[in-house]
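**Q** Before we start, here is the structure in question, set down as structure tokens.
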Ligand code: UCC
Ligand code: FAD
């Protein structure tokens, strides 16, 4: 009938234009920068051994895992606080897809690979690249997995023999029926960055008041209000609380805090162990992750690590979860670029498809550049973590100490920019919920807030320089890469990059001297963020240089040079690096390669 009426007015509905949607292929096989990067950092036998698993997983993350992730997003957690009879029950209703994603996390070894250590110091690279493939399809299931990874590391470093027997095996198993996740509860209303304000208290248990609750005999009753608790569906949590003596006295500040392991639910009834979930947070993103405000009321806990050493003990989680933050940020950049690049081949504007348009290609190339530099940072930090765990030296530990906050703070900001640009790359459709771009954007926006904000981490960089002399190792590693480039057969290709890296190193030297030798703390604080950006971009330049030396491909040398132009050319005390790139022929060729 409609057709008939169309005919009468001489119009055929069949001529409507249908835009092809962008498609995602195997997320490992399509990622040439990743494959090349892995080949550089891994011994050949390790790469060959893990490659088939990465190929199968790269396929899964755009099939069943992506579907499960979408289902979780569309069915966010709910909290039922009271039953029909007015009894407080605080029941979390979690979609089955979210639990299935957790099971997949176990069977795919997303935590266990790091602890089986089958590939020794290279195990972390393998584990983290699997999570990198998983992150953007998983409805941020990588959040509870990251805290579980951190929890396992904390137990390895500080856990009692008993906790190593009761809890650790659950965190590091591949058996989904045995697998537990753990949260990390630090933030209170009075302080997230500054945990010294924590009001949660811990009272020692005396005289056998408490039974073994599955993790061992509790040592303390913990009471307080935690303002942000992600992954409230987890089995356990590592909590910061203030020790009190029999008279209720405690030590102020962060030196009065200790870490306690808490089992959330009763092992027999499944009911919460003296915990009230007051509300689920109404969040901008990470919608599938149950993040709550909750209250502990004499909740049985077990102290982990020494009394009053809560911050350094829980830092062993932070230093893992911050790297997971890098994974999520880099994964977001890669996924956004993959979608935008595929779309470029399918969308016509004016006279050509977008992949033939120089301006579009240039936009895409700069996004790709951010991604590639971020990827190198991720590979480097993962490898260093593995080395530090398997064969700790002053050099690896100090370098890792400074690179962890640097890589977290910088890649978080990069990913927010890339996700925003990717939305624009898809035009109006990119702004639509079902294009996936808004979800990717929202989920990555939090990466610069949780696990330490950009400012707080910038101050942590100064802390690491002071406590670990980490700037020395930072500079040594960059100068080693510069030396290697000089003996490379294609050294001429790196001249401009090296000039710019050396200029940046000069500025880093002058800035640190003003702080460390002249004690200018005001200067340190007000410039902390700029200084951290400069340290990050300079380090990433040296990693791109290393990749280019290894690959011997002129295009990799150009990528490095373009990064240096963009990020280091204007390195001076009073401004951020805003470089104007002359879009000459060289860059145009590079645009095409990168896009
Ligand atoms: O946000 C959270 C979870 C989100 C969900 C999971 C996301 C997963 C990632 C993404 C995957 C999708 S959990 C909450 C996160 N909260 C934070 O990150 C807190 C941010 N604030 C800070 O980092 C502050 O700098 C504090 C809390 C560390 C400052 O504490 P203090 O006590 O005031 O600092 P001090 O006095 O400088 O440090 C106390 C001790 C020192 O050691 P000692 O006593 O031996 O001199 C420090 O060297 O702690 C040591 N320390 C560290 N050690 C401090 N930070 C570190 C560190 N990062 N590593 C090693
Ligand atoms: P504040 O510390 O009050 O910071 C406010 C502002 O002040 C920020 O811009 C900050 O950069 C700035 N600032 C603070 N200190 C300094 C300084 N010294 N110099 C310069 N600027 C400074 N926490 C948990 O413990 N467990 C969780 O599971 C958890 N999950 C979360 C999930 C989500 C989705 C979100 C958004 C947060 C979660 N958090 C969790 C809390 C998170 O870690 C904190 O929000 C974060 O650490 C910042 O703390 P705050 O909110 O108290 O902000």
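Numbering (the UniProt record's numbering), first residue to last: 2 to 596.
All C-beta atoms in this analysis are idealised placements derived from N, C-alpha and C, irrespective of residue type, glycine included.
A quick note: this is a predicted structure, and the numbers were derived from the prediction, not measured.
How is the beta strand (DSSP E) around residue 224 delimited, first residue to last?
**A** Locating residue 224 in the chain shown gives position 223, counting from the first residue. Taken as a continuous stretch (DSSP letters only), the beta strand (DSSP E) holding residue 224 covers 221-230.
**Q** Just list the residues that DSSP pairs residue 239 with in beta bridges.
**A** Locating residue 239 in the chain shown gives position 238, counting from the first residue. Answer by DSSP bridge pairing, in chain order: 185 and 262.
**Q** What ranges does the alpha helix (DSSP H) occupy inside the stretch 438-522, keeping only unbroken runs of at least 4 residues that lie completely in it?
**A** For the stretch 438-522, whole alpha helix (DSSP H) runs of length 4 or above, ordered along the chain, are 438-446, 455-469, 471-487 and 496-517.
**Q** Using a threshold of 8 Å, is the CB atom of residue 456 nearer than that to any non-hydrogen atom of ligand 1?
**A** Translated into the one-based positions of the chain shown, residue 456 becomes position 455. No, the Cβ of residue 456 stays beyond 8 Å of every heavy atom of ligand 1.
**Q** Please name the residue or residues paired with residue 592 in a DSSP beta bridge.
**A** Reading the chain shown from its first residue, position 591 is the one you call residue 592. Answer by DSSP bridge pairing: none, since residue 592 is not bridged.
**Q** What number of angstroms, rounded off, separates the C-alpha of residue 467 from the C-alpha of residue 517?
**A** Residue mapping note: residue 467 aligns to position 466 of the chain shown, counting from 1. Residue mapping note: residue 517 aligns to position 516 of the chain shown, counting from 1. Between residue 467 and residue 517, the C-alpha separation is close to 8 Å.
**Q** With a 10 Å radius around its C-beta and 16 neighbouring C-beta atoms as the bar for buried, classify residue 462 as buried or exposed.
**A** Taking the first residue of the chain shown as position 1, residue 462 is located at position 461. So residue 462 ends up on the buried side.
**Q** Thinking C-alpha only, which one of 97, 117 and 139 is nearest residue 64?
**A** Residue numbering aside, residue 64 sits at position 63 when the chain shown is read from its first letter. It is 139 whose Cα lies nearest to the Cα of residue 64.
**Q** First and last residue of the beta strand (DSSP E) that includes residue 302?
**A** Locating residue 302 in the chain shown gives position 301, counting from the first residue. From DSSP, the beta strand (DSSP E) with residue 302 extends over 293-305.
**Q** For a quick check, are the C-beta atoms of residue 225 and residue 238 less than 9 Å apart?
**A** The residue labelled residue 225 in the question sits at position 224 within the chain shown. The residue labelled residue 238 in the question sits at position 237 within the chain shown. Contact flag unset, no.
**Q** Assuming residue 277 is part of the alpha helix (DSSP H), what are its boundary residues?
**A** Mapped onto the chain shown, residue 277 falls at position 276. Not the alpha helix (DSSP H): residue 277 falls in the beta strand (DSSP E), residues 276-281.
**Q** According to DSSP, is residue 71 helix, strand or coil?
**A** On the chain shown, residue 71 is found 70 positions in, with the first residue counted as 1. Three-state result, residue 71: helix.
**Q** In whole angstroms, give me the CA-to-CA distance for residue 457 and residue 532.
**A** Looking up residue 457 in the chain shown gives position 456. Looking up residue 532 in the chain shown gives position 531. Cα-Cα distance, rounded: 13 Å.
**Q** Spatial neighbours of residue 338 within its chain, please: CB distance less than 6 Å, with the 5 preceding and 5 following residues excluded, ordered by chain position.
**A** On the chain shown, residue 338 is found 337 positions in, with the first residue counted as 1. Excluding residues within five positions, the ones whose Cβ falls inside 6 Å are 368, 369 and 372.
**Q** How is residue 203 classed by DSSP in three states: helix, strand or coil?
**A** Here residue 203 is taken as the residue at index 202 of the chain shown, counted from 1. DSSP places residue 203 in strand when its eight states are reduced to three.
**Q** Use the C-beta contact count for residue 288: other C-beta atoms within 10 angstroms, 16 or more gives buried, fewer gives exposed.
**A** As a working note, residue 288 is residue 287 in the chain shown. Residue 288 should be labelled buried.
**Q** Assuming residue 81 and residue 95 make a contact with CB atoms under 8 Å, what is their CB distance in whole Å?
**A** Position 80 of the chain shown, counted from the first residue, corresponds to residue 81. Position 94 of the chain shown, counted from the first residue, corresponds to residue 95. Wrong, their Cβ atoms sit about 12 Å apart, outside the cutoff.
**Q** What is the DSSP secondary structure of residue 273, reduced to helix, strand or coil?
**A** Taking the chain shown and counting its residues from 1, the one referred to as residue 273 is at position 272. Correct three-state label for residue 273: strand.
**Q** Does residue 209 come out as helix, strand or coil in the three-state DSSP assignment?
**A** Taking the first residue of the chain shown as 1, we reach residue 209 at position 208. Residue 209: coil per DSSP, three-state reduction.
**Q** Hey, how far is the Cα of residue 342 from the Cα of residue 348?
**A** Taking the first residue of the chain shown as 1, we reach residue 342 at position 341. Taking the first residue of the chain shown as 1, we reach residue 348 at position 347. Computed Cα separation, rounded: 10 Å.
**Q** Could you tell me the distance, in whole angstroms, from the CA atom of residue 303 to the CA atom of residue 324?
**A** For the purposes of this step, residue 303 is taken as the residue at position 302 of the chain shown. For the purposes of this step, residue 324 is taken as the residue at position 323 of the chain shown. Each residue's alpha carbon lies about 27 Å from the other.
**Q** What would DSSP say about residue 350, mapped onto helix, strand or coil?
**A** Here residue 350 corresponds to residue number 349 of the chain shown, with the count starting at 1. The answer is strand: DSSP assigns residue 350 an E or B state.
**Q** Spatial neighbours of residue 354 within its chain, please: C-beta separation below 8 Å, excluding the five flanking residues on both sides.
**A** Working through the chain shown from its first residue, we reach residue 354 at position 353. The residues are 345, 346, 347 and 348.
**Q** May I have the straight-line CA-CA distance separating residue 583 from residue 520, to the nearest angstrom?
**A** As a working mapping, residue 583 is identified with position 582 in the chain shown. As a working mapping, residue 520 is identified with position 519 in the chain shown. At residue 583, the pLDDT of 40 sits below 50, so the modelled position is not reliable; the number obtained from the coordinates is stated separately. Roughly 40 Å between the two C-alpha positions.
**Q** Put residue 41 into one of helix, strand or coil per three-state DSSP.
**A** Stepping through the chain shown from its first residue, residue 41 is reached at position 40. Helix at residue 41.
**Q** Less than 8 Å between the CB of residue 194 and some heavy atom of ligand 2, yes or no?
**A** Stepping through the chain shown from its first residue, residue 194 is reached at position 193. Yes, since a heavy atom of ligand 2 falls inside the 8 Å radius drawn around the Cβ of residue 194.
**Q** For the beta strand (DSSP E) that contains residue 94, what are its first and last residues?
**A** Here residue 94 refers to the residue found at position 93 when the chain shown is read from its first residue. Looking at the DSSP string, the run of the beta strand (DSSP E) that includes residue 94 is 89-94.
**Q** Based on the DSSP output, what are the partners of residue 79 in its beta bridges?
**A** Working through the chain shown from its first residue, we reach residue 79 at position 78. Paired residues: 94.
**Q** Which term fits residue 272, buried or exposed, when burial requires 16 or more other beta carbons within 10 angstroms of its beta carbon?
**A** On the chain shown, residue 272 is found 271 positions in, with the first residue counted as 1. The residue in question, residue 272, is exposed, as its Cβ has fewer than 16 Cβ neighbours within 10 Å.
**Q** From the DSSP output, in three-state form, read off residue 398 for me.
**A** Taking the first residue of the chain shown as 1, we reach residue 398 at position 397. Helix at residue 398.
**Q** Look up residue 381 in the DSSP assignment and say whether it is helix, strand or coil.
**A** For the purposes of this step, residue 381 is taken as residue 380 along the chain shown, with counting starting at 1. Residue 381 falls in the helix class under three-state DSSP.
**Q** Mind checking residue 11: buried by the 16 CB within 10 Å criterion, or exposed?
**A** By one-based count along the chain shown, residue 11 stands at place 10. By the neighbour-count rule (16 or more Cβ atoms within 10 Å), residue 11 is not buried but exposed.
**Q** Does the distance from the C-beta atom of residue 39 to that of residue 141 stay below 9 Å?
**A** Numbered from its first residue, the chain shown carries residue 39 at position 38. Numbered from its first residue, the chain shown carries residue 141 at position 140. No, the Cβ-Cβ distance between residue 39 and residue 141 is not below 9 Å.
**Q** Across which residues does DSSP place residue 435 in a beta bridge pair?
**A** Within the chain shown, residue 435 is the residue found at index 434, counting from 1. Beta-bridge pairing links residue 435 to no other residue.
**Q** Since residue 192 sits in a beta bridge, which residues does DSSP pair it with?
**A** Residue numbering aside, residue 192 sits at position 191 when the chain shown is read from its first letter. 189.
**Q** Let me know the secondary structure DSSP gives residue 245 once reduced to three states.
**A** On the chain shown, residue 245 is found 244 positions in, with the first residue counted as 1. Looking at residue 245 - three-state DSSP - the assignment turns out to be strand.
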